[in-house]
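Protein chains: 2
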Amino acid sequence: MTVSKTSSQDQAKQVTPVGFDEESGALQLGELSELLGYSLKRAQLKVFEDFLRCMAPLQLTPAQFSVLLLLDKNPGRNQTEIANTLGILRPNFVSLLDALESRDLLTRMRSPSDRRSHVLMLTDKGRATLIRAKKLVATRHEARLIEVLGPAEHKALLGMMAKIAREF
Amino acid sequence: MTVSKTSSQDQAKQVTPVGFDEESGALQLGELSELLGYSLKRAQLKVFEDFLRCMAPLQLTPAQFSVLLLLDKNPGRNQTEIANTLGILRPNFVSLLDALESRDLLTRMRSPSDRRSHVLMLTDKGRATLIRAKKLVATRHEARLIEVLGPAEHKALLGMMAKIAREF
DNA sequence: TGATAATCGTTATGAGATATATCAAATAGA
DNA sequence: TCTATTTGATATATCTCATAACGATTATCA
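Which chain is which? The protein sequence lines are R and E, in order.
Going by the working numbering, the first sequence opens with residue 1, and the numbers climb by one from there.
Going by the working numbering, the second sequence opens with residue 1, and the numbers climb by one from there.
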């Protein structure tokens, strides 16, 4: 997930796997293309890659963006609550917050009611950055996805992913 | 992706993220649920998790399974060709093959025509294991997915994933 | 032919994400 | 009160993914 190396990989031997190219290697994929996990992971990597590319001006990773999104909708929560909601383990959440806080996008404040916990809040800069980030996601990232899939399939895909993540 | 720890995580604090549970934390997800990359990664982790659970009797990871599948359809290829097709870098492919070869599921043979390269072939045990693995995937893993999504959506999902992996 | 470059499998190594154990401070519960 | 739990943090281990470089072999071509 190296953000800055996107352009230096261009002439690497075989950065993009050839698995979905039919003609190049003349290799038979066989049942591999019916293996959902396989294509699911491939697709996920591509989507994250595109996200980073689209978000390059703001230097936000998907995880960082999701933290900002969640804090905007849920101000005043502590680290444990936000981390759990995002499926991030608390020890790993610390450095993620360090990075965002050092960029003045959010603040950690000791809670007056429970002085163990840190109340998390977006700063003004954090809110402004989030607005810009949302625009980048909508106009570049989602737009490209919709362009490839079509609006109907794009919406259906969102529903299916949520269903798997929820019920599977 | 720890295979053997599936059962020891049962009483961990918050292994399963609460992001898709609506009632538990009372946290507003907001636009997070519309972020494809977010749900895509969640879904991918769930699918891999289920794959490992279903494949536990044979102790095969998704990557190992895909190697066996590909070798079955393309015998006599060398390491570079298989690795490239799967999007695995050749240095990382070495230990993957070591594991499968030490289990006598495949063989590395010096090619007579080009003695730099190794010709890869499934062993009899490898073919037999692959047959059993395919059955496990079909009857457990895919069956569960189809149960959750329905056959039509499951098929549509495969198509969309392949499309993203190919065109995105 | 002989010198140079490229390829194959491999090793070593580093970065990044992810997991566990443990700690001090603070709080909750008996 | 005394004990147990929770919170954020640190240290650390593991796993995945990526690059550089090596010996052996083959290809290129002057």
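Quick reminder that beta carbons are idealized off the backbone N, C-alpha and C, glycines included.
Because the structure is a prediction, the values reported are computed rather than measured.
When you compare the stretch 116–136 of chain R with the stretch 41–58 of chain R, are there three or more beta-carbon pairs, one atom per stretch, that lie closer than 8 Å? Below 8 Å, enough C-beta pairs join the stretch 116–136 of chain R and the stretch 41–58 of chain R to call them touching: three or more.
Taking Cβ-Cβ distances below 9 Å as the criterion, which residues of the stretch 32–61 of chain R are in contact with chain E? The stretch 32–61 of chain R vs chain E, Cβ under 9 Å: Leu32, Ser33, Glu34, Leu35, Leu36, Gly37, Tyr38, Ser39, Leu40, Lys41, Arg42, Ala43, Gln44, Leu45, Lys46, Val47, Phe48, Glu49, Asp50 and Phe51.
Rounded to whole angstroms, how far is the Cβ of Asp104/R from the Cβ of Lys125/R, which I believe are closer than 8 Å? Separation of the CB atoms of Asp104/R and Lys125/R is rounded to 5 Å, and the pair is thereby assigned contact status at 8 Å.
Consult DSSP for Thr139/R and reduce its assignment to one of helix, strand or coil. Note: Thr139/R maps to helix in three-state DSSP.
Spatial neighbours of Leu71/E within its chain, please: C-beta separation below 8 Å, excluding the five flanking residues on both sides. Excluding residues within five positions, the ones whose Cβ falls inside 8 Å are Arg77, Ile82, Leu106, Leu120, Met121, Leu122 and Gly126.
As assigned by DSSP and simplified to three states, the class of Thr85/R: Thr85/R: helix per DSSP, three-state reduction.
Can you name the residues of chain R whose CB is closer than 8 Å to the CB of Val148/E? Under the 8 Å cutoff, chain R gives Lys163, Ile164, Glu167 and Phe168.
Under 9 Å by beta carbon: chain R residues contacting Lys73/E: Within chain R, the residues near Lys73/E are Leu27, Gln28, Leu29, Gly30, Glu31 and Leu32.
Using DSSP's beta-bridge definition, name the partner residues of His118/E. His118/E is bridged to Arg110/E.
Kindly indicate the opening and closing residues of the alpha helix (DSSP H) around Ser102/R. Its alpha helix (DSSP H) spans residues Arg90 to Ser102.
Length of the line joining the Cα atoms of Gln79/R and Glu101/E: A straight-line Cα-Cα distance of about 45 Å links Gln79/R and Glu101/E.
Out of curiosity, what's the CA-to-CA distance linking Glu31/E and Ser113/E? Taking the straight line joining both Cα atoms gives about 57 Å.
Just how far apart, CA to CA, sit Arg144/E and Gly37/R? In a straight line, the C-alpha of Arg144/E is about 13 Å away from that of Gly37/R.
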